[in-house]
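Protein chains in written order, with UniProt numbering: chain A, 1 to 254; chain B, 1 to 148.
Note that the Cβ used here is the ideal one computed from N, Cα and C, for glycine as well.
Data first, discussion second: the structure below is written as structure tokens.
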């Protein structure tokens, strides 16, 4: 910018898009070889606009093909690539290099609290099991009129709008310190998805779901540490949703 | 034609009796709000009003513990705070003591400590004698017969 030459003005614009070397330290685990997970570092050439997922791709494609991680859509919707980046649960495909401090290495590891299978992959089954337990589907015995849909006012739809955004990436549940130590706890994501139906005016099984969550391992285990709200890549107010479920249980009505 | 209302609906086992986790949670919230008032009221009166912290001596405590208002205040503070703290510790034990035996031992120890402290504390509040016989008259509360 300071150089008034025509020649320099073009590189000046490109200046911000210059690539630099970023060090990633990844927690590797190969169940066939390793007894314990180990940290391995990789240097990659990155642009500020690149994402952690691009760095992982570069490592897997150009440096070490054995690096294992999940990703599907790579655009923050499928929820496959939740991982712990510099100690915080993030989607690798939504974390930009420029938002991280690249003067230090970037630590990448699998999400915690679920059984580690390989490198950045964990067994998601316990997570989905508690998701299934809250019956995350519309339960309605009444029929809408012939040729009609189940109508709902804008206000009624707004009531649970926030919790419809969940992509089941497990970033919230695996950031919850209660979930880390208590494998029986439903976890934030299951409660969020219960919330989505509990407060849906078209659903008729709110009391069933409230009953399921009014359990020793239900909402009462939540200690409002707000880790889940901080971790959610969709910006869902997870802790607020859990608090609303607690309130509904205490009051006995939605 | 008979149709099942909701096929494959898992049987919901309704737990019997009191839902302790729920009431425990409500207790923590309610006692927490009360404790904020009780604790800061206690600190304000003991450390701020009048001579502040310099006023605290045997006579000061004796005076407070012979006033029914402060007896009720201190009893509430004692019971609410101890149960609140014990319940919080119970949660921690549940978090970190995964072995059944360790978990049991710690929780019983916690219960024992809490009960003993509550009983002892309550006993002190209601049996406290602000004017012990043969006490130095300069040390006891002004309403004592021996006080000068």
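query, result
"For residue 45 (chain A), the first and last residue of its enclosing beta strand (DSSP E)", "38-46"
"Rounded separation between residue 28 (chain A) and residue 128 (chain A) - CA only", "24 Å"
"Residue closest to residue 122 (chain B), alpha-carbon to alpha-carbon, out of B:55, B:41, B:77 and B:63", "B:77"
"Euclidean distance between Cα positions of residue 35 (chain A) and residue 235 (chain A)", "37 Å"
"Interface flag, residue 197 (chain A) vs chain B, CB-CB below 9 Å", "no"
"Residue 98 (chain B) at chain A interface by Cβ criterion, 9 Å", "yes"
"Presumed contact (8 Å Cβ cut-off) between residue 89 (chain A) and residue 241 (chain A), rounded CB distance", "Going by Cβ atoms, the distance from residue 89 (chain A) to residue 241 (chain A) rounds to 17 Å, so no, they are not a contact pair."
"Beta-carbon gap between residue 125 (chain B) and residue 75 (chain B) smaller than 9 Å", "yes"
"Within chain B, the residues that residue 112 (chain A) reaches when beta carbons sit closer than 8 Å", "Per Cβ cutoff of 8 Å: no residues; residue 112 (chain A) is ~14 Å from chain B at best."
"Chain A contact residues for residue 153 (chain B), given Cβ-Cβ distances below 9 Å", "One cannot answer for residue 153 (chain B) here, as it falls past the ends of chain B, which runs 1 to 148."
"Range of the contiguous alpha helix (DSSP H) that encloses residue 216 (chain A)", "Note, residue 216 (chain A): premise wrong, no alpha helix (DSSP H); not H, not E."
"Bridge partners - residue 132 (chain A), DSSP secondary structure assignment", "Beta-bridge pairing links residue 132 (chain A) to no other residue."
"Helix, strand or coil at residue 118 (chain A) according to DSSP, with G and I counted as helix", "strand"
"Contact between the region 154-166 of chain A and the region 188-199 of chain A (3+ Cβ pairs under 8 Å)", "yes"
"Residues in the region 228-251 of chain A having any Cβ partner in chain B nearer than 8 Å", "246, 249 and 250"
"Span of the beta strand (DSSP E) around residue 20 (chain A)", "20-28"
"Amino acids of chain A, ordered along the chain, whose beta-carbon sits closer than 7 Å to that of residue 74 (chain B)", "Those within 7 Å of residue 74 (chain B) in chain A number zero; the least Cβ separation is about 29 Å."
"Proximity of residue 213 (chain A) and residue 186 (chain A) at Cβ, strictly below 9 Å", "yes"
"Cutoff 7 Å; reference residue 45 (chain A); Cβ partners in own chain excluding five residues on either side", "19 and 21"
"Where residue 216 (chain A) meets chain B, residues with beta-carbon distance less than 9 Å", "15, 19, 20 and 21"
"Residue 87 (chain B) (DSSP reduced to helix, strand or coil)", "helix"
"Euclidean distance between Cα positions of residue 52 (chain B) and residue 71 (chain B)", "20 Å"
"Nearest residue (CA-CA) to residue 84 (chain A), options A:220, A:66, A:47 and A:122", "A:122"
"Cutoff 9 Å: residue 94 (chain B) Cβ touching any chain A Cβ", "yes"
"Cβ of residue 39 (chain B) within 9 Å of any chain A Cβ", "no"
"For residue 106 (chain A), the first and last residue of its enclosing beta strand (DSSP E)", "106-109"
"Reduced DSSP category for residue 236 (chain A) - H, G, I as helix; E, B as strand; rest coil", "coil"
"Local conformation of residue 193 (chain A) per DSSP, three classes", "helix"
"Collapsed DSSP secondary structure at residue 83 (chain A) in the structure displayed", "strand"
"Residue(s) in a DSSP beta bridge with residue 150 (chain A)", "Looking at the DSSP assignment, residue 150 (chain A) forms no beta bridge with any residue, so it has no partner."
"Contact with chain B by residue 134 (chain A), beta-carbon distance below 9 Å", "no"
"Own chain, CB closer than 7 Å to residue 176 (chain A), minus 5 neighbours either side, in chain order", "187, 188, 227 and 228"
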